[in-house]
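The structure under discussion appears below in the form of structure tokens.
2 protein chains.
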Amino acid sequence: MIPDGTLMHSRSAHRSLLVVGSVALDDIDGPFGFHRDLLGGSASFIARAASYFTRNVSIVGVVGDDFPQRHLDELTALGVNTSGVERKAGETFHWTGRYAPDLATRTTLETRLGVFAEFQPKIGEASRDAQLVLLGNIDPDLQLDVLTQVRAPVLVAADTMNLWIDIKRPALEKMLAKVHTLMVNDEEARQLAGEHNLRRAAAHILKLGPTSVIIKRGDAGALLFHGGGAFAAPAMPLADVKDPTGAGDSFAGGLMGYLAYAGDLSPSTIRTAMIMGSVMGSFAVEQFSVDGLRDLTRERIQQRFDELAELAHFERARL
Amino acid sequence: MIPDGTLMHSRSAHRSLLVVGSVALDDIDGPFGFHRDLLGGSASFIARAASYFTRNVSIVGVVGDDFPQRHLDELTALGVNTSGVERKAGETFHWTGRYAPDLATRTTLETRLGVFAEFQPKIGEASRDAQLVLLGNIDPDLQLDVLTQVRAPVLVAADTMNLWIDIKRPALEKMLAKVHTLMVNDEEARQLAGEHNLRRAAAHILKLGPTSVIIKRGDAGALLFHGGGAFAAPAMPLADVKDPTGAGDSFAGGLMGYLAYAGDLSPSTIRTAMIMGSVMGSFAVEQFSVDGLRDLTRERIQQRFDELAELAHFERARL
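Line by line, the protein sequences are chains A and B. The working numbering numbers the first residue of the first sequence as 1 and each following residue consecutively. The working numbering numbers the first residue of the second sequence as 1001 and each following residue consecutively.
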């Protein structure tokens, strides 16, 4: 993310990660039936994926009075600091979507913002010193507001979405000028840059401020572009995919969690972190909601990492 | 392609490669204008891509009396044996297509089979001993006929296309039972298997006979599946793509050409060969027709191979 390979100089073995994003309840229709009130939202996936790598994750979000307390209790049990999740009177952010039979495309049927409409992230005193910050795809004005609250993060990564690219481009561009890394999917990158070719789209985005851009491509893996070059992370070809919701957020959580675990931002560590992102994304899509990220162990994560390494390995040839 | 790692036991350093496929003239419309009478056809791309790796390539095809002799002379100058390209009275196979402005999709405007409608591949005496055989996406009955003419190939790879999956499935399945490797693009794999998920589609295809299947995914790279596992070859993220026509055939030519060059079929060599395929596909799309495969050198091929290796490299992590 920081092309010159700047290292973090903290004495702590595990760096702290602050996640600001949505916490939601999703209704999802698709080839495996209709599922109601599933735990969703970017922060839910990010925090859970990151929790396997570091015990130093805190999340900031908002839920309504319909939100089951057990979801927060589970995150707390995983070591995630959930004190920044406000509970407000009203309904939790609620997304309803339908996946095509092949899971390749999805349609939003309904979005009820509920208490999320008035979300004002308040970063608690302890989290203001977070070294790594991941801004989920919330309103870019809120992302900017978070950046005024944190003190000296070593790495700030941000996501965004089509809605903000459409209606809040000035705020979005202001935000992009202040973050190190933008993490978006391919369609978002194309829309933001007004350019179909991903390498050109990335070059366009880098001119807006970030020193690196990560483009998530679903089952085609992810691409990292920065001033110094590019990296392609493969995706695991999975036979059993149930629910692609949260794949990109799980990728982001695995990536940032591994960076917190590794404690440096060298180019080599960042590449490995992207593979960890791919690993966590692959677990997420095998089950509904965050279920694919439940009950994982370091051993299973390591095993899938090794499978991805084996999938991608080839010998250098000399002609 | 042969999961048990069977080696070829020829004394020759470079194994012989026989290519049977179409030789065509293409009219192509797209964001870079309308281009008429471009050299096209699977065999044209395959043979040219393979010619950089071995001088032991022969092609079998048919052209009409409108086909410029210089295209054949050029291949001959590259060391390709073109004596198996028949010239018949009539028009050369002519394809007209239009690419969308983003080059992501294309529409066939017209197909005139011309002399290709009566194509009957006749394998010359010398080519019947070819060790590697690549069957372009011609009628599966013709692919089967070629297999009765060759003597003891160590590796037979075949391509196919939506037309044959639609109208000649019995012959196609008979052919699949007799080849080692099927090389198709993702949509063809899905259509053939009746299954969107690529891992499942590959498993379905492997049950039809081939010991391996290679799925070409354009700018998402290529996947190899065989009984023993899987390999994912990345694609080079290119800023300048002019004409995707022939990318998959150039991939196949680079792959088979490298296998001929390397002289073995070990799992490691096959992985490296897929990367060489990706390299040759990346050159092909940067120019119209076979122009991206002109004037290459081993040095430039090696350089792009090294770039792909750098693009895909990551360190193994231990959690």
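Heads up, the beta-carbon is just placed ideally off N, CA and C, and yes, glycines get one too.
According to the neighbour-count rule (16 or more other Cβ atoms, all chains shown, within 10 Å of its Cβ), is residue i buried or exposed?
i              : result
residue 1207/B : exposed
residue 26/A   : buried
residue 1305/B : buried
residue 1214/B : buried
residue 104/A  : exposed
residue 18/A   : buried
residue 1010/B : Bear in mind that the predicted position of residue 1010/B carries a pLDDT of just 42, short of 50, making it unreliable; the figure below should be weighed with that in mind. Burial call: exposed.
residue 1092/B : buried
residue 7/A    : Because the pLDDT of residue 7/A is 38, which lies under 50, any placement of that residue in the model is unreliable, and the number read from its coordinates should be weighed accordingly. By the neighbour-count rule (16 or more Cβ atoms within 10 Å), residue 7/A is not buried but exposed.
residue 308/A  : buried
residue 1188/B : buried
residue 1190/B : buried
residue 1243/B : buried
residue 1/A    : Note that residue 1/A scores 42 on pLDDT, short of 50, meaning its location in the model is unreliable; the coordinates nonetheless yield the value given after this. Buried, by the Cβ-count rule.
residue 318/A  : exposed
residue 159/A  : buried
residue 1076/B : exposed
residue 1297/B : exposed
residue 1067/B : buried
residue 320/A  : Since the displayed chain A opens at 1 and closes at 319, residue 320/A lies outside it and no answer follows.
residue 1234/B : buried
Which residues in chain A have a C-beta closer than 9 Å to the C-beta of residue i? List them in chain order.
i              : result
residue 1301/B : 319
residue 1015/B : Result: empty, since nearest Cβ-Cβ is about 16 Å, beyond 9 Å.
So, residue i versus residue j, is the Cβ gap smaller than 8 Å?
i              : j              : result
residue 1064/B : residue 1138/B : no
residue 1289/B : residue 1236/B : no
residue 47/A   : residue 1197/B : no
residue 1229/B : residue 1014/B : no
residue 108/A  : residue 97/A   : yes
residue 45/A   : residue 284/A  : yes
residue 1136/B : residue 1051/B : no
residue 1250/B : residue 1049/B : yes
residue 220/A  : residue 1217/B : yes
residue 1180/B : residue 1148/B : no
residue 1116/B : residue 1142/B : no
residue 183/A  : residue 144/A  : no
residue 311/A  : residue 1231/B : yes
residue 62/A   : residue 88/A   : yes
residue 320/A  : residue 132/A  : Absent from the structure is residue 320/A, since the part of chain A shown begins at 1 and ends at 319.
residue 154/A  : residue 123/A  : no
residue 248/A  : residue 185/A  : yes
residue 178/A  : residue 209/A  : yes
Can you check DSSP and say which residues form a bridge with residue i?
i              : result
residue 1164/B : In DSSP, residue 1164/B forms no bridge with anything.
residue 1275/B : Bridge partners of residue 1275/B: none, in fact.
residue 1025/B : 1039/B, 1094/B
residue 1020/B : 1060/B, 1135/B
residue 1158/B : 1135/B, 1182/B
Determine the chain A residues that contact residue i at a beta-carbon separation under 7 Å, and present them in chain order.
i              : result
residue 1197/B : 239, 241
residue 1102/B : 196
residue 1275/B : 314
Using a cut-off of 7 Å between C-beta atoms, extract the partners of residue i located in chain B.
i             : result
residue 272/A : 1314, 1315, 1317
residue 311/A : 1230, 1231, 1232
residue 305/A : 1317
residue 268/A : 1315
At 8 Å on the CB atoms, spell out the chain B contacts of residue i, in chain order.
i             : result
residue 223/A : 1237
residue 217/A : 1220
Since residue i meets chain B, which of its residues come closer than 9 Å, beta carbon to beta carbon?
i             : result
residue 200/A : 1239, 1240
I want to see whether chain C comes within less than 8 Å of residue i, judged by CB atoms only; does it?
i              : result
residue 1298/B : No chain C is part of this structure, whose protein chains are labelled A and B.
(request) May I have a chain-ordered list of the alpha helix (DSSP H) segments no shorter than 4 residues that lie completely inside the stretch 1039–1088 of chain B? (result) Scanning the stretch 1039–1088 of chain B for uninterrupted alpha helix (DSSP H) segments of 4 residues or longer gives 1042–1050, 1069–1077, listed from N- to C-terminal end.
(request) Only counting runs of 4 or more residues, tell me where the alpha helix (DSSP H) segments fall wholly within the stretch 1166–1204 of chain B, in order along the chain. (result) Correct list: 1169–1176, 1186–1193.
(request) Enumerate, from N- to C-terminal direction, the unbroken beta strand (DSSP E) stretches of 3 or more residues contained entirely within the stretch 90–152 of chain A. (result) List check, beta strand (DSSP E) in window: 93–99, 106–112, 132–135.
(request) Just list the beta strand (DSSP E) runs in the stretch 207–237 of chain A, keeping only unbroken ones of 3 residues or longer that don't cross its boundaries, in chain order. (result) Counting whole runs of 3 or more residues, the stretch 207–237 of chain A contains the beta strand (DSSP E) stretches 212–216, 222–226, 229–233.
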